[in-house]
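Student: From first to last, the protein sequence lines stand for chains F and A. Start counting the first sequence at 53; every next residue gets the next number (the numbering used here). Start counting the second sequence at 94; every next residue gets the next number (the numbering used here). Even for Gly, the Cβ is constructed at its ideal location relative to N, Cα and C. Pasting in a structure now, in C-alpha cells, and then I'll have a few things to ask.
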Amino acid sequence: MKKRKRKSFLIEIFGLLLALLWLSPFYLMIVNAFKSKRDIFTDVLGFPSEFVTENFVKAYIDLDFTKSLFNSLFITILSVGIIILFSAMAGYALARNKSRLSGMLLLVFVAAMLIPFQSVMIPLVSLFGKADMLNKTGLIFMYLGFGCSLSIFLYHGAMTGISKSLDEAAIIDGANKFQVFWHVVFPLLKPISVTVGILNVIWIWNDYLLPSLILPDSSATIPLKMFLFFGQYTKQWHLALAGLTIAIIPVIVGYFFAQKQIIEGVSEGAVK
Amino acid sequence: MRNRDISFWLFLAPVILSLSLVIMIPFLYGFVYSFTNWNGINATEFLGFKNYINLFKDAEFRASIWFTTKFAIVSVILLNFLGLGLALLVTQRMRTSNFMRTIFFMPNLIGGLILGFIWQFIFISVFGSIGELLGIEALTGWLSTTATGFWGLVILTSWQMAGYIMVIYIAYLENIPKDLLEAAEIDGASSFQKFKNIIFPLVAPAFTVSMFLTLSNSFQIYDQNLSLTNGGPYNSTQMVAMSIVKTAFTENKMAYAQSQAVIFFIIVAAVAVTNVYYNKKREVDM
Numbered sequence: 053m054k055k056r057k058r059k060s061f062l063i064e065i066f067g068l069l070l071a072l073l074w075l076s077p078f079y080l081m082i083v084n085a086f087k088s089k090r091d092i093f094t095d096v097l098g099f100p101s102e103f104v105t106e107n108f109v110k111a112y113i114d115l116d117f118t119k120s121l122f123n124s125l126f127i128t129i130l131s132v133g134i135i136i137l138f139s140a141m142a143g144y145a146l147a148r149n150k151s152r153l154s155g156m157l158l159l160v161f162v163a164a165m166l167i168p169f170q171s172v173m174i175p176l177v178s179l180f181g182k183a184d185m186l187n188k189t190g191l192i193f194m195y196l197g198f199g200c201s202l203s204i205f206l207y208h209g210a211m212t213g214i215s216k217s218l219d220e221a222a223i224i225d226g227a228n229k230f231q232v233f234w235h236v237v238f239p240l241l242k243p244i245s246v247t248v249g250i251l252n253v254i255w256i257w258n259d260y261l262l263p264s265l266i267l268p269d270s271s272a273t274i275p276l277k278m279f280l281f282f283g284q285y286t287k288q289w290h291l292a293l294a295g296l297t298i299a300i301i302p303v304i305v306g307y308f309f310a311q312k313q314i315i316e317g318v319s320e321g322a323v324k
Numbered sequence: 094m095r096n097r098d099i100s101f102w103l104f105l106a107p108v109i110l111s112l113s114l115v116i117m118i119p120f121l122y123g124f125v126y127s128f129t130n131w132n133g134i135n136a137t138e139f140l141g142f143k144n145y146i147n148l149f150k151d152a153e154f155r156a157s158i159w160f161t162t163k164f165a166i167v168s169v170i171l172l173n174f175l176g177l178g179l180a181l182l183v184t185q186r187m188r189t190s191n192f193m194r195t196i197f198f199m200p201n202l203i204g205g206l207i208l209g210f211i212w213q214f215i216f217i218s219v220f221g222s223i224g225e226l227l228g229i230e231a232l233t234g235w236l237s238t239t240a241t242g243f244w245g246l247v248i249l250t251s252w253q254m255a256g257y258i259m260v261i262y263i264a265y266l267e268n269i270p271k272d273l274l275e276a277a278e279i280d281g282a283s284s285f286q287k288f289k290n291i292i293f294p295l296v297a298p299a300f301t302v303s304m305f306l307t308l309s310n311s312f313q314i315y316d317q318n319l320s321l322t323n324g325g326p327y328n329s330t331q332m333v334a335m336s337i338v339k340t341a342f343t344e345n346k347m348a349y350a351q352s353q354a355v356i357f358f359i360i361v362a363a364v365a366v367t368n369v370y371y372n373k374k375r376e377v378d379m
C-alpha cells in the first residue's frame, strides 16, 4: 500500500510540473509585458527589474479596447442568441416531423458541415458585397448560416428525450405551435442550449478570418484589432505582449466563472 | 407537426434562408465560377479546366498541399498521443486533477491568432535567448527556416488542442466500468496489462472521434499559420487555407483562388468521408 501511495504522489508531481509547463507561455507573456524593451532583450525569463505599466496604457489606447470589446460582445451575443433560438426551432420541427422530407433536410444540414469555410469564402464576400451587406448585420446573419448545422444536429438529438405527450397536452390546452415551443419545449432544452451556446461563443469570439473580410475597421472585433495592432509593433515586444495580455483577460475571466460548464459543454458537443 | 403545416416551414425558415445564402448558393456559385476568368465582379469568358490545369502546374500550390498533409499526419499522431496521455493522467485519483484539467484545456478558449502571436514571441525571443545562454545553436533562428516553422506550428497546435482531445478521451475513460478494472487488479494485472487489455480497447471509439476532429481541423488551419509564420520564409510554410486567402485577396486572382478552394473542398470532404466510412466498418467488426 505504501509503495502505491508513493507512486501516486510521483504521478501528481509529474502532472503539476506538466501543468506548469502548459502555463509557461502565459507566464512568459505576462512577465515580459511588464518589462521595458531593454529588459526583454537582456533577461527574458526572469521577473522585470521594474514594473512598466505604461505598456498596458499604450496598448489599451492603441487597441481601442473599450470599443473593440464592445464590438466583440455585441456580435457574439447577438449571433449566439439567434443561433440558439433558430436552431432549437429547426431541431424541434425536424424531430417532431418523422417524414422522408425532414430526414433529408437534416442530412443537408449535416452535410453542410463538410464544406470548409474557404470553399465558400470568395463568392460569399462577393455576393454580400453586391447586396451591400458587408457589415455587422451581414456578419451575424452569416454566423447563423455557419453555426446552425452543428447546433441543429445537437438539438435534434436532444429532442428524442422530450416526450411528445407534453406537446399534445399543451395543444389541448389551446396553445399554438409557437407557444408550445416557447413555453414547453425550449425551457426543457436548456442543458443543450448551454452546450450549443458555449461551443458557438468560443468559435465566434475568436474568429478572425470572416470578420476581417466582412467588417469595416470602425466595427473591428478584438482579434481584428489585435492583428492590426500586432503588425504595428512587431519589433516592440513589450507593447505587443501587453496588448495580447489585455486581449486575453476577458476570456480568462469568463473561463474562471464557467469552467465546469465550458468543459462539460465541449465534451458533450464533441462526443455526440 | 407535418410538413404540410405552415408552422413546420416557419420554424425552419430562418435556418434554411441563412444556410442557402451563406453556404449553399456561394458553394455552387463558386464551383461554376472556378471554370471562368471571374475577377470577383464579373466573368467574361468560360475557360473550362484551364484554372485547374494551371493549378496542377503550380509548384507553390502543390507545396502548400504537401505541407498541409505532412502537418495533418504529424498532428493527428501527436495530438492523440498527448490527449490520451493527459486524459490518463487527470483521471488518476488526485486532489489536483480538476485543476490540471482546467489548465490543460485553457489554450482552447483563446483564439488561434492570439496564440500564434504569443508563440511567435516564445520561438523568436525566448528560444533565441535560451539558445544563446546555453550555447545551443538549434534554438536560435526559429521560424526562419521551413523546418522550424513546421515544428513551430506543430508545437503550437499540439499545445492548443491537446486539452480538447483530452476532454474527449476523459468522457470515454469515465465510462469504463470500475469493477472491470478492480477484477483485473485482483487477478494481478499490471498497469500496462490493464491499459493494453481493458482501457485501450474501450477508449478506441474516442480515437474515431478525435481523429476526425484533428484531421479536419489541421487541414483547415489558418489563424495560427497567419500569426505564427505568415507562410514565411518564402511561402514555404503556407498551408492550403492560407494559399486560397492570399491568392484571392492579396493577388486578386478570384477565379484561380476559387479553383484552389474547390480542390480544397474535395480533399477535406474525401478525408472526412473516408474517415467515417473506415471507422463505421471497424465499429461493426468489434
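(1) So the alpha helix (DSSP H) His235 of chain F belongs to, where does it begin and stop?
(2) Can you tell me where the alpha helix (DSSP H) with Glu344 of chain A in it begins and where it stops?
(3) Could you list which residues in chain F have their beta carbon closer than 7 Å to that of Thr195 of chain A, in chain order?
(4) Classify His290 of chain F as buried or exposed, calling it buried when 16 or more other Cβ atoms lie within 10 Å of its own Cβ.
(5) Out of A:Leu249, A:Gln213, A:Ser251, which one is the CA nearest neighbour of Gly234 of chain A?
(6) In chain order, what residues of the same chain lie with their CB nearer than 7 Å to the CB of Ile92 of chain F, ignoring the 5 residues before and after it?
(7) With DSSP collapsed to three states, give me the class of Thr330 of chain A.
(8) Near Gln311 of chain F, what residues of its chain come up, given a Cβ to Cβ distance below 6 Å and the 5 sequence neighbours on each side ignored?
(9) Using a Cβ distance threshold of 8 Å, determine whether the stretch 121–136 of chain A contacts the stretch 243–259 of chain F, with at least three qualifying pairs required.
(10) Using a C-beta to C-beta distance shorter than 8 Å, which residues of chain B count as neighbours of Glu220 of chain F?
(11) Taking a cut of 9 Å between CB atoms, which residues from the stretch 87–120 of chain F lie near chain A?
(12) Short of 7 Å in beta carbon distance, which residues of its chain neighbour Thr301 of chain A, apart from the five on each side in sequence? Order them along the chain.
(13) Determine, for Asn187 of chain F, whether the minimum Cβ-Cβ distance to residues of chain A falls below 8 Å.
(14) What does the alpha-carbon distance come out to for the pair Tyr207 of chain F and Tyr144 of chain F?
(15) Quick check on the DSSP output: what are the complete alpha helix (DSSP H) runs of length 4 or more inside the stretch 182–228 of chain F, in order along the chain?
(16) Under 8 Å by Cβ, that's how I've got Val237 of chain F and Ile214 of chain F pegged, so tell me the actual separation to the nearest angstrom.
(17) With H, G and I counted as helix, E and B as strand and the rest as coil, what does DSSP make of Phe388 of chain A?
(18) What whole-angstrom Cβ distance do Asn173 of chain A and Thr343 of chain A have, given they're in contact under 8 Å?
(19) Check whether chain A comes within 8 Å of Phe138 of chain F, counting only Cβ atoms and requiring the distance to be less than that.
(20) Which class does Thr129 of chain A belong to by DSSP, given the choice of helix, strand or coil?
(21) With burial defined as no fewer than 16 other Cβ atoms inside 10 Å of the residue's Cβ, what is the status of Asn290 of chain A: buried or exposed?
(22) Our contact map puts Tyr122 of chain A next to Ser352 of chain A with C-beta atoms below 8 Å; I'd like the distance itself, whole angstroms only.
(23) Can you pull the chain A neighbours of Met141 of chain F, defined as C-beta to C-beta under 7 Å?
(24) Near Thr258 of chain A, what residues of its chain come up, given a Cβ to Cβ distance below 6 Å and the 5 sequence neighbours on each side ignored?
(25) Let's see if you can read the secondary structure: which residues bound the alpha helix (DSSP H) around Leu105 of chain A?
(26) Use the C-beta contact count for Phe309 of chain F: other C-beta atoms within 10 angstroms, 16 or more gives buried, fewer gives exposed.
(27) Following the continuous alpha helix (DSSP H) through Thr239 of chain A, name the residue where it begins and the one where it ends.
(28) Comparing alpha-carbon positions, which option in F:Gln313, F:Val177, F:Ile300, F:Pro168 lies nearest Ile356 of chain A?
(29) Look at the Cβ atom of Asn252 of chain F, then the Cβ atom of Ser203 of chain F, and state whether they are nearer than 8 Å.
(30) Which residue from A:Val333, A:Phe149, A:Ala341, A:Glu138 puts its Cα closest to that of Val361 of chain A?
(31) When burial is assigned at 16 or more other CB atoms within 10 Å of the CB, is Asn107 of chain F buried or exposed?
(32) Based on Cα-Cα distance, which residue from A:Ile207, A:Arg375, A:Ser113, A:Ala365 lies nearest to Leu166 of chain F?
(33) On the three-state DSSP scale, how would you describe Pro168 of chain F?
(34) Do Ala299 of chain A and Ile261 of chain A count as a contact pair if the criterion is CB distance below 8 Å?
(35) Assuming Leu262 of chain F and Met185 of chain F form a contact by the criterion Cβ under 8 Å, report the distance between their Cβ atoms to the nearest whole angstrom.
(36) Specify, as a first and last residue, the run of the alpha helix (DSSP H) that Met193 of chain A falls within.
Tutor: The short version:
(1) Premise fails: His235 of chain F is in no alpha helix (DSSP H) and is neither H nor E.
(2) Unbroken run through Glu344 of chain A: none, as it is neither H nor E.
(3) Gln311
(4) buried
(5) A:Gln213
(6) Asn84, Trp289, His290
(7) coil
(8) none
(9) no
(10) This model lacks chain B altogether, as its protein chains are F and A.
(11) Ile92, Phe93, Thr94, Asp95, Val96, Leu97
(12) Asn372
(13) no
(14) 7 Å
(15) 188–211, 216–224
(16) 6 Å
(17) Past the edges of chain A, shown from 94 to 379, lies residue 388 of chain A, and the structure says nothing about it.
(18) Not a contact, Cβ separation roughly 35 Å.
(19) yes
(20) strand
(21) exposed
(22) Their Cβ separation, rounded to whole angstroms, is 14 Å, which puts Tyr122 of chain A and Ser352 of chain A out of contact at 8 Å.
(23) Phe104
(24) Per the sequence shown, residue 258 of chain A should be read as Ile rather than Thr. Taken in chain order, the residues that qualify are Leu172, Gly176, Ser303.
(25) 99–112
(26) exposed
(27) 239–266
(28) F:Pro168
(29) yes
(30) A:Val333
(31) buried
(32) A:Ala365
(33) coil
(34) yes
(35) Actually they do not touch by this definition, with Cβ atoms about 13 Å apart.
(36) 190–198
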